[in-house]
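Colleague: Just so we're aligned, residue 0 is where the sequence shown starts under numbering that gives the first Met the number 0, counting upward by one. Just so you know, even glycine gets a beta-carbon here, dropped at the ideal spot from N, CA and C. All values reported here derive from a predicted model rather than from experimental measurement. The structure is given below, and queries will be raised subsequently.
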Amino acid sequence: MSENNEETTTIGARLKAARTAKGLTIDDLQQITKIQKRYLIAIEDEQFDKLPGDFYVRAFVKQYADTVDLDGNALLEEYRDQLPSVHAENIVENVDEVQPTRVASREQPTSPASRVRNYLPTIIVTAIVVLILLFIWFMAVRTHAGSSSSTSADNSSVQVSSSKKKSSSSKASSSAKTSSKAASTKEQSIKADGSSDTAFTLTNGADKNKVVIKSTKAAWTSVTTNGTQTWQGTLKADGSHTLTLPSNAKTVKFQFGNATATTVTINGKTFNFNPKNSTSQVRTITLTIK
């Protein structure tokens, strides 16, 4: 009996018991943490020599603990005599420091072509106004040259006609600017594609959409943009992470390891990716940007 009590107090047994209590299998834990299954089994069996090195032993144990709602730092301190020693400052806080993604998350610089597209409406309106004014000037000069011997009444008529044309061009310019401003203030919306609760469409978003991910409990999340992983990590309880999608983003895939404890906002507005209140922890959501 004493041997059984001693076994359950080991770090491997503690972690395994916490995983079982949450109803997670080794395969579930591998999907959430992205730690290889053989390393997770080695941790539970306390065969730490099968891990890549002493640094990874403590890092993987801490991430395992946080994922099953244990305090990773406290657990490392409690069982420090059972674990390989490394300097405290080397212990990382989340998985993307231990297992870097294939492509580093970074914003892409705006290309010259993109900047030109942004200013294209203003350039077009300005060009139209300049052409109208040049036409009015040309017609005024031509009329003045052809009627140099006419009476002052004829000159007055030409001036009135020129004034009316200028007023008309000013109204056209004002109308074009008003229309452009109204188009830019359309409200952002995110709607489900049909009856699906895993596929959504974002319309009237920003040029570079700002995404904020928050969690009330330890939760792993992955974000993939246009087929390339942008960010992944495990948030602590009440933790958050902010990222900005590139301007060429068309499809964004969110993978949640603890969906019921996770919330997402896009450009400051809540993204209700769980409209049917699903209780499934592991979920994959696809967002199409138009």
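#1: Given this structure, state the Cα-to-Cα distance separating Thr227 from Pro245, to the nearest angstrom.
#2: Starting from the Cα of Thr66, find the closest Cα among Leu242, Leu39, Thr233 and give me that residue.
#3: Using DSSP's beta-bridge definition, name the partner residues of Phe255.
#4: With distances taken between CB atoms, is the gap from Lys213 to Asn257 smaller than 8 Å?
#5: For Trp136, list the residues DSSP reports as bridge partners.
#6: Would you tell me roughly how many angstroms separate the C-alpha atoms of Glu43 and Gln231, rounded to the nearest one?
#7: Let me check understanding here. Comparing Cα to Cα, which of His240, Thr264, Trp219, Ser277 lies closest to Leu28?
#8: Roughly how many angstroms separate the alpha carbons of Leu50 and Tyr38, rounded to a whole number?
#9: Alpha carbon to alpha carbon, how far is Tyr55 from Thr9? Give it in angstroms, no decimals.
#10: Assuming Gly11 and Glu45 are in contact, meaning their beta carbons sit under 8 Å apart, how far apart are those beta carbons, in whole angstroms?
#11: How big is the Cα-Cα spacing for Ala17 and Asp68?
#12: Using only CA atoms, which one of Leu133, Asn273, Thr125, Lys289 lies nearest to Asp206?
#13: Ser279 to Pro83, Cα distance in whole Å?
#14: Taking the alpha helix (DSSP H) that Val60 belongs to, which residues open and close that run?
#15: Per DSSP, what kind of secondary structure is Leu74 in: helix, strand or coil?
#16: Exposed or buried, what is Ala236 when buried is set at 16 or more other beta-carbons lying within 10 Å of its beta-carbon?
#17: Please report how far the alpha carbon of Gly22 lies from the alpha carbon of Gln30, in whole angstroms.
#18: For Thr285, collect the residues of the same chain with a Cβ closer than 6 Å to its Cβ; drop the 5 residues on either side in sequence, then sort them by chain order.
#19: Rounding to the nearest angstrom, what Cα-Cα distance links Thr269 and Ile135 in this structure?
#20: Where DSSP assigns a beta bridge to Gln228, which residues make up the other side?
#21: Hey, does Arg141 have any beta-carbon neighbour from chain C nearer than 8 Å?
#22: The ligand MN heavy atoms versus the CB of Asn208: any closer than 7 Å?
#23: Tell me Leu23's beta-bridge partners as DSSP assigns them.
#24: Can you tell me where the alpha helix (DSSP H) holding Leu39 begins and where it ends?
#25: With a threshold of 16 other CB atoms inside 10 Å of the CB of Gly204, please say whether the residue is buried or exposed.
#26: Going by alpha carbons, who is nearest to Lys190 out of Thr261, Asn273, Asn225?
Modeller: By the coordinates alone:
#1: On the sequence shown, position 228 is the one that residue 227 refers to. On the sequence shown, position 246 is the one that residue 245 refers to. If you take the alpha carbons of Thr227 and Pro245, they lie about 11 Å apart.
#2: For the purposes of this step, residue 66 is taken as residue 67 along the sequence shown, with counting starting at 1. Out of Leu242, Leu39, Thr233, Thr233 has the C-alpha closest to the C-alpha of Thr66.
#3: Taking the first residue of the sequence shown as position 1, residue 255 is located at position 256. Looking at the DSSP assignment, Phe255 forms a beta bridge with Thr220, Arg282.
#4: By one-based count along the sequence shown, residue 213 stands at place 214. By one-based count along the sequence shown, residue 257 stands at place 258. No, the pair does not count as a contact, with Cβ atoms beyond the cut-off.
#5: Start at 1 with the first residue of the sequence shown, and residue 136 comes out as number 137. Paired residue(s): none; Trp136 is not in a bridge.
#6: Within the sequence shown, the letter at position 44 stands for residue 43. Within the sequence shown, the letter at position 232 stands for residue 231. Rounded to the nearest angstrom, the two C-alpha atoms are 24 Å apart.
#7: Residue numbering aside, residue 28 sits at position 29 when the sequence shown is read from its first letter. Ranking the options by Cα distance to Leu28, first place goes to Trp219.
#8: Numbered from its first residue, the sequence shown carries residue 50 at position 51. Numbered from its first residue, the sequence shown carries residue 38 at position 39. Approximately 6 Å between the Cα atoms of the pair.
#9: Here residue 9 refers to the residue found at position 10 of the sequence shown. Here residue 55 refers to the residue found at position 56 of the sequence shown. Looking at the two C-alpha atoms, the distance is approximately 19 Å.
#10: For the purposes of this step, residue 11 is identified with residue 12 of the sequence shown, where counting begins at 1. For the purposes of this step, residue 45 is identified with residue 46 of the sequence shown, where counting begins at 1. Their Cβ separation, rounded to whole angstroms, is 4 Å, which keeps Gly11 and Glu45 in contact under 8 Å.
#11: The residue given as residue 17 occupies position 18 in the sequence shown. The residue given as residue 68 occupies position 69 in the sequence shown. Going from the Cα of Ala17 to the Cα of Asp68 covers about 8 Å.
#12: Within the sequence shown, the letter at position 207 stands for residue 206. Selected option, being the one with the closest Cα: Lys289.
#13: Against the sequence shown, residue 279 aligns to sequence position 280. Against the sequence shown, residue 83 aligns to sequence position 84. Those two C-alpha atoms are separated by around 36 Å.
#14: Sequence index remark: in the sequence shown, residue 60 carries index 61 (1-based). Here the alpha helix (DSSP H) through Val60 covers 53-66.
#15: One-based indexing of the sequence shown puts residue 74 at position 75. Residue state, collapsed to three classes: helix.
#16: Counting from one through the sequence shown, the residue named residue 236 turns up at place 237. By the 10 Å Cβ count, Ala236 comes out exposed.
#17: Taking the first residue of the sequence shown as 1, we reach residue 22 at position 23. Taking the first residue of the sequence shown as 1, we reach residue 30 at position 31. Going from the Cα of Gly22 to the Cα of Gln30 covers about 14 Å.
#18: For the purposes of this step, residue 285 is identified with residue 286 of the sequence shown, where counting begins at 1. Once the five neighbours on either side are set aside, the close Cβ partners of Thr285 are Ala198, Lys252.
#19: Counting from 1 along the sequence shown, the entry for residue 269 is found at position 270. Counting from 1 along the sequence shown, the entry for residue 135 is found at position 136. Straight-line Cα distance between these residues: approximately 52 Å.
#20: Translated into positions along the sequence shown, residue 228 becomes position 229. Per DSSP, Thr223.
#21: In the structure shown, chain C cannot be found, because there is only a single protein chain.
#22: Absence of the ligand MN from the depicted structure is noted, as is the absence of any ligand whatsoever, leaving it without description.
#23: Locating residue 23 in the sequence shown gives position 24, counting from the first residue. Paired residues: none, contrary to the question.
#24: Against the sequence shown, residue 39 aligns to sequence position 40. Looking at the DSSP string, the run of the alpha helix (DSSP H) that includes Leu39 is 36-43.
#25: On the sequence shown, residue 204 is found 205 positions in, with the first residue counted as 1. Gly204 is buried by the Cβ-count criterion.
#26: As a working note, residue 190 is residue 191 in the sequence shown. When only C-alpha atoms are compared, the closest one is Asn273.
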